[in-house]
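Residue numbers (the working numbering): 74 to 463.
Okay, structure first, notes after.
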């Protein structure tokens with residue numbers, strides 16, 4: 074075929090190519106989310122991470138374990154006596170980290186939750202003085218592997234939901250309400266010893282299960298109904314089957330049928346799931362979203378691509394049980410799952426990285442203040458920041 078004829082045929086083919094083929098693929102490639110990976114440290118320092126403007130210079134900084142990292146160059150500073158761990162044989166004393174101006178002095182502080190069943194403390198920000206931060210005890214024994222940091226009583230300040238595995242009760246700790254106050258007050262949600270009180274209890278969620286305008290506390294065996302007065306003890310429990318041992322649990326009407334469904338992910342095996350409510354109390358059907366990787370011990374549910382729908386962000390926790398879990402030696406991948414709600418919800422997997430994974434938290438936040446959500450993970454592979462790019 075002469076060259077000129079080939080050009081004409083090609084031009085006709087491009088003109089009549091069906092929508093959704095070449096052009097839609099090119100658009101998809103142009104519009105797809107991309108991330109730049111920044112490794113702040115390859116040391117194993119923490120499996121939790123928090124973000125706050127530590128030095129009040131207008132730039133969000135990163136806190137993990139006994140360190141904070143100063144934006145924008147991520148210079149490492151000590152919060153307390155530095156601790157670095159061996160990823161193959163040890164666990165850190167920083168399973169989860171949260172940021173809150175606890176004493177309301179204008180400087181963000183750090184809350185650290187240790188291994189399950191051990192201490193929860195907060196470190197007082199010294200306000201740019203070159204000294205280590207003062208450690209203060211919140212509780213001696215904090216259980217559940219996914220304690221939640223939420224505003225339980227609606228006063229605008231976040232509180233902590235967990236269990237006390239020694240006293241065998243499920244509790245929430247109210248953050249200090251008055252400036253200068255440093256006392257956390259404990260309230261009992263349930264004193265039933267058989268309901269989610271083991272130190273290694275997996276799975277905790279906070280969402281409005283009954284559409285009464287108040288968020289409820291969710292575990293794998295059911296949910297506690299949030300009373301009008303959250304300081305009341307013995308919240309009403311509704312039994313349910315919400316799958317196996319998991320990380321964080323999220324509540325939303327995923328199939329748009331008017332009731333609340335749940336999302337969870339396997340902490341130590343393969344599986345990410347959504348649990349469909351069938352308009353009957355406690356009656357849920359379990360659906361698998363993915364089993365690409367195992368040990369998805371941290372799960373976030375945030376809008377990554379700006380389409381108005383929250384997406385899933387998770388990955389494989391490296392050596393969650395020091396190499397004893399299924400898939401433990403697979404690559405430590407990090408993924409986001411693009412979510413489209415509907416009668417049959419759709420999740421599309423997008424791999425972000427294959428050498429980081431997750432710890433006990435995945436933090437989705439706009440770190441560089443460019444209007445796009447970024448991702449932070451801290452684990453046995455180090456501390457990693459993924460900056461979203463256009």
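Even for Gly, the Cβ is constructed at its ideal location relative to N, Cα and C.
Here the structure is a predicted model, which is why all the values come from computation and not from measurement.
Which term fits residue i, buried or exposed, when burial requires 16 or more other beta carbons within 10 angstroms of its beta carbon?
| i | result |
| --- | --- |
| residue 413 | exposed |
| residue 341 | buried |
| residue 434 | buried |
| residue 185 | buried |
| residue 310 | buried |
| residue 105 | exposed |
| residue 270 | buried |
| residue 79 | Any reading at residue 79 must be qualified, since the residue scores a pLDDT of 44, below 50, and its modelled position is unreliable; no value is offered. |
| residue 221 | buried |
| residue 137 | buried |
| residue 182 | buried |
| residue 273 | exposed |
| residue 393 | buried |
| residue 301 | exposed |
| residue 115 | exposed |
| residue 430 | buried |
| residue 218 | buried |
| residue 368 | buried |
| residue 155 | exposed |
My output table needs one value for residue i: the three-state DSSP class, helix, strand or coil.
| i | result |
| --- | --- |
| residue 377 | coil |
| residue 220 | strand |
| residue 317 | coil |
| residue 232 | strand |
| residue 124 | strand |
| residue 225 | coil |
| residue 208 | strand |
| residue 465 | Given a span of 74 to 463 for the chain in the structure shown, any question on residue 465 remains unanswerable. |
| residue 308 | coil |
| residue 325 | strand |
| residue 387 | strand |
| residue 147 | coil |
| residue 277 | strand |
| residue 427 | coil |
| residue 295 | strand |
| residue 443 | coil |
| residue 118 | coil |
| residue 105 | coil |
| residue 152 | coil |
| residue 157 | coil |
Using the Cα positions of residue i and residue j, report the straight-line distance between them to the nearest angstrom.
| i | j | result |
| --- | --- | --- |
| residue 33 | residue 139 | There is simply no residue 33 to check, as the chain begins at 74 and stops at 463 in what is shown. |
| residue 99 | residue 107 | Note that residue 99 scores a pLDDT of 32, beneath 50, so its modelled location is shaky; the value from the coordinates is reported in the next line. Taking the straight line from one Cα to the other gives about 15 angstroms. |
| residue 396 | residue 438 | 30 angstroms |
| residue 458 | residue 197 | 25 angstroms |
| residue 126 | residue 153 | 18 angstroms |
| residue 208 | residue 453 | 24 angstroms |
| residue 113 | residue 195 | 23 angstroms |
| residue 141 | residue 356 | 45 angstroms |
| residue 443 | residue 133 | 12 angstroms |
| residue 363 | residue 336 | 12 angstroms |
| residue 415 | residue 329 | 6 angstroms |
| residue 255 | residue 215 | 18 angstroms |
| residue 201 | residue 351 | 54 angstroms |
| residue 387 | residue 230 | 27 angstroms |
| residue 460 | residue 264 | 43 angstroms |
| residue 172 | residue 203 | 20 angstroms |
| residue 122 | residue 285 | 32 angstroms |
| residue 193 | residue 426 | 31 angstroms |
| residue 199 | residue 225 | 28 angstroms |
| residue 176 | residue 257 | 11 angstroms |
| residue 261 | residue 146 | 43 angstroms |
| residue 456 | residue 151 | 15 angstroms |
| residue 276 | residue 322 | 6 angstroms |
| residue 89 | residue 168 | Reliability fails at residue 89, whose pLDDT of 37 lies under 50, so the model's placement of it is uncertain and the value that follows must be treated cautiously. Each residue's Cα considered, the two are about 56 angstroms apart. |
| residue 298 | residue 241 | 19 angstroms |
| residue 406 | residue 366 | 8 angstroms |
| residue 282 | residue 404 | 36 angstroms |
Which one or two residues does DSSP pair with residue i in a beta bridge?
| i | result |
| --- | --- |
| residue 360 | 347 |
| residue 459 | 110 and 448 |
| residue 250 | Beta-bridge pairing links residue 250 to no other residue. |
| residue 48 | In the structure displayed, the chain extends from 74 to 463; residue 48 sits before or after that span and is not available. |
| residue 136 | 123 and 141 |
| residue 258 | 247 |
| residue 411 | 421 |
| residue 171 | 184 |
| residue 193 | 186 and 212 |
| residue 334 | 325 |
With a threshold of 8 angstroms between beta-carbons, can residue i be considered close to chain D, or not?
| i | result |
| --- | --- |
| residue 208 | In the structure shown, chain D cannot be found, because there is only a single protein chain. |
(Q) If contact is defined by three or more beta carbon pairs under 8 angstroms, each pair taking one atom from either stretch, is the segment 304-320 in contact with the segment 336-351? (A) yes
Q: Kindly confirm or deny that the segment 291-299 and the segment 251-258 touch, where touching means at least three C-beta pairs closer than 8 angstroms.
A: no
Q | Contact the segment 300-314 vs the segment 369-384: 3+ CB pairs below 8 angstroms | A | no
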